[in-house]
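Numbering (my numbering), first residue to last: 120 to 413.
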């Protein structure tokens, strides 16, 4: 079964080819694998089911005709008891489309359309598009095939965006402020958790940033920052062999004790307790996983 997830041996990964940046496979990850991190976008259409998926530690049951848009960096695991349930998966590399290339859609936006499983009103239309695109990925490598795949994928993504356009009020000042904040946060969270730094970078006050965050999410700007750091901590603890100290350093914590206190405050568990839930014995196609050394 091909894998789309980060693995210890990169030769075992099944990523879209460089010449096209777009590929396909029958299932999104090695069935029964422990949680691991996606290296590319994976759009999954369930044909039979139900299919049970755990995405960033939230479990979803996907009935036939459900679309999943899995994004790079997400922690993903599929129920190993559903290995024979068919699904069609199209994959594409991050950065394939420019931020302003598709009207009203930024494919690499982690908070873009279909952040949760999306039941389709007419699955047959999407199934035909998926199967056509999946079939064309087997075409002769070259500029013409790559352009065809890119055109077909763009049409598919725009269909998804029309079904799930995102939160209302995107034109409001507070929405635009929060959108800029969220994008800066994606680059900045490993380096700073200070809201003052983001406000200064965006040319606004902490009060303005907090007001926008509360209006859009019900969370303060500081809570939004801490939520993002805590999510990445959980991803790395569950899906990589990094030690707890290494995870903390990756997220800007100079001392493991500071990281431990932060993680416990955000999740109610110590890093080791959390990791233990994801390093127990279970069927896995992922080489290189090891229990925590901390």
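Ideal placement from N, C-alpha and C gives every residue a C-beta, glycine not left out.
Would you tell me roughly how many angstroms separate the C-alpha atoms of residue 314 and residue 307, rounded to the nearest one?
Walking along the chain shown from the start, residue 314 turns up at place 195. Walking along the chain shown from the start, residue 307 turns up at place 188. Looking at the two C-alpha atoms, the distance is approximately 11 angstroms.
What is the DSSP secondary structure of residue 179, counted as helix, strand or coil?
Taking the chain shown and counting its residues from 1, one reaches residue 179 at position 60. It is a strand residue.
What are the boundary residues of the beta strand (DSSP E) that residue 187 is part of?
Taking the chain shown and counting its residues from 1, the one referred to as residue 187 is at position 68. Residues 185-189.
May I ask you to list the residues that DSSP assigns as paired with residue 194?
The residue labelled residue 194 in the question sits at position 75 within the chain shown. According to DSSP, residue 194 bridges with 156.
How far does the beta strand (DSSP E) with residue 209 in it reach, from first residue to last?
Here the question's residue 209 lines up with position 90 in the chain shown. Where residue 209 is concerned, the enclosing beta strand (DSSP E) stretches over 206-211.
For the alpha helix (DSSP H) that contains residue 327, what are its first and last residues?
Here residue 327 corresponds to residue number 208 of the chain shown, with the count starting at 1. Segment 325-336, the alpha helix (DSSP H) holding residue 327.
Please confirm whether residue 310 and residue 371 have their CB atoms less than 8 angstroms apart.
As a first step, residue 310 must be located in the chain shown, where it is residue number 191. As a first step, residue 371 must be located in the chain shown, where it is residue number 252. The answer is yes: Cβ separation under 8 angstroms.
State buried or exposed for residue 260, treating a residue as buried only when at least 16 other CB atoms are found within 10 Å of its CB.
As a working note, residue 260 is residue 141 in the chain shown. Residue 260 should be labelled exposed.
Looking at C-alpha atoms only, which residue of 267, 271, 280, 330 is the closest neighbour of residue 298?
Here residue 298 is taken as the residue at index 179 of the chain shown, counted from 1. For the residues 267, 271, 280, 330, the minimum Cα distance to residue 298 belongs to 330.
How would you label residue 182, buried or exposed, when you count the other beta carbons within 10 angstroms and need 16 or more for buried?
Along the chain shown, read from residue 1 onward, the residue named residue 182 stands at position 63. Classification for residue 182: exposed.
Quick one: give me the first and last residue of the alpha helix (DSSP H) that residue 296 is part of.
Locating residue 296 in the chain shown gives position 177, where the first residue counts as 1. Taken as a continuous stretch (DSSP letters only), the alpha helix (DSSP H) holding residue 296 covers 292-307.
Please list, in chain order, all residues of the same chain as residue 392 whose beta carbon is under 8 angstroms from its beta carbon, the five residues on each side excluded.
The residue you call residue 392 lines up with position 273 of the chain shown. Correct list: empty, nothing qualifies.
Could you tell me the alpha carbon to alpha carbon distance between residue 180 and residue 335, rounded to whole angstroms?
As a first step, residue 180 is located in the chain shown; it is residue number 61 there, counting from the start. As a first step, residue 335 is located in the chain shown; it is residue number 216 there, counting from the start. So the alpha carbons of these two residues sit roughly 27 angstroms apart.
Between which two residues does the beta strand (DSSP E) carrying residue 267 extend?
Position 148 of the chain shown, counting from 1, holds the residue named residue 267. Per DSSP, residue 267 belongs to no beta strand (DSSP E); it is in the alpha helix (DSSP H), 262-282.
What residues in its chain sit with their C-beta under 7 angstroms from that of residue 191, if we drop five residues either side in the sequence?
Position 72 of the chain shown, counted from the start, is the residue given in the question as residue 191. Excluding sequence neighbours, residue 191 sits near 157, 158, 159, 160, 213.
Measuring only the C-alpha atoms, how far is residue 289 from residue 382?
Position 170 of the chain shown holds residue 289. Position 263 of the chain shown holds residue 382. Residue confidence for residue 289 is low, a pLDDT of 49 falling below 50, so the modelled location carries little weight; the figure read from the coordinates is stated next. When rounded, the distance between both Cα atoms is 32 angstroms.
Between the Cα of residue 209 and those of 142, 254, 304, 184, spot the shortest distance and give me the residue it belongs to.
As a working note, residue 209 is residue 90 in the chain shown. Here the closest residue by C-alpha is 142.
With burial defined as no fewer than 16 other Cβ atoms inside 10 Å of the residue's Cβ, what is the status of residue 178: buried or exposed?
Counting from 1 along the chain shown, the entry for residue 178 is found at position 59. Its Cβ having fewer than 16 others within 10 Å, residue 178 is exposed.
Would you check if the distance between the CB atom of residue 172 and the CB atom of residue 211 is smaller than 8 angstroms?
Reading the chain shown from its first residue, position 53 is the one you call residue 172. Reading the chain shown from its first residue, position 92 is the one you call residue 211. Going by C-beta atoms, residue 172 is not nearer than 8 angstroms to residue 211.
Considering only C-alpha positions, which residue in the set 246, 221, 234, 231 is nearest to residue 167?
Residue numbering aside, residue 167 sits at position 48 when the chain shown is read from its first letter. Of the listed residues, the one whose Cα sits closest to residue 167 is 246.
Following the continuous beta strand (DSSP E) through residue 173, name the residue where it begins and the one where it ends.
Position 54 of the chain shown holds residue 173. Taken as a continuous stretch (DSSP letters only), the beta strand (DSSP E) holding residue 173 covers 170-174.
What is the DSSP secondary structure of residue 242, reduced to helix, strand or coil?
On the chain shown, residue 242 is found 123 positions in, with the first residue counted as 1. Residue 242 falls in the helix class under three-state DSSP.
Can you give me the Cβ contacts of residue 348 inside the same chain, cut-off strictly under 7 angstroms, excluding the 5 residues immediately before and after it?
By 1-based counting over the chain shown, the position of residue 348 is 229. For residue 348, where only same-chain residues beyond five positions count, the Cβ hits under 7 angstroms are 308, 312, 370.
Give the straight-line distance between the Cα atoms of residue 215 and residue 352, rounded to the nearest whole angstrom.
Translated into positions along the chain shown, residue 215 becomes position 96. Translated into positions along the chain shown, residue 352 becomes position 233. Using only the alpha carbons, I get a separation of about 27 angstroms.
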